[in-house]
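The sequence shown begins at 144 in the numbering used here and counts up one residue at a time. A virtual CB, placed ideally from N, CA and C, is assigned to each residue, including glycine.
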Amino acid sequence: MQRLLPTQSMPDIDIHLAGGERWRLAENAPDFMLMIDVFRGVHCPRCRRHLEEMSTRHEEFREAGLKIIAMSADPAERAEQSRREWDIPNVPLGYGLPIQVARQLGLYISENYASHESEIFAEPGVFFVMPDLTLYGAVINTFPFARPKIDDLLEVARIVKERNYPPRGTLAS
């Protein structure tokens, strides 16, 4: 499968949010930029810390012009567990990201090795999406470690705005 490149259209993402609403990428075009944070699932303590910091700093994301959403391949009951147990009131929490869509995004897919993990899940990735629903850029991990720092994510929006910085990595290998 060919990797999704910056300036290409994002795949159709149609998921549910913890709490019951439906979320479709096609209906959530940002004014400036949308940041989609794909996390491993409720079993991941590093993901929890990352999303809790995002929630604490949600005002900075808003001021930077970044709409944010977090999503995983977790089923509803595991997403609701995240919503109850994690301190993330300011981050919309999507669930049920189809593995096929995760693959279209270029995410790495893992199978569980411990009983508390989902059977199959996407490894972390952060996607910056433009108003025309094309990819601006992405950070993709093969494991939960070395996630981008929140300051680095906020810097993306700042530099793109200040310098009209173009998408990079647009050439196919």
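Host beta strand (DSSP E) of D180 (start-end):
For D180, the enclosing beta strand (DSSP E) covers residues M176 to V181.
Based on Cα-Cα distance, which residue from L209, E262 and V185 lies nearest to R179?
It should be noted that the sequence gives Ile, not Arg, for residue 179. If we check each option's Cα against that of I179, L209 comes out closest.
Selection from L248, I252 and E254 that minimises the alpha carbon distance to F271
Nearest of L248, I252 and E254 to F271, Cα basis: L248.
Through-space distance from A257 to L276, alpha-carbon basis
Approximately 36 Å between the Cα atoms of the pair.
Would G312 be called buried (16 or more neighbouring beta carbons within 10 Å of its own) or exposed?
That one is exposed.
Which residue from S316, E305 and R301 puts its Cα closest to that of R205?
Answer by Cα proximity: R301.
Give me the Cα-Cα distance between L148 and P218, rounded to the nearest whole angstrom.
Cα to Cα, L148 sits roughly 28 Å from P218.
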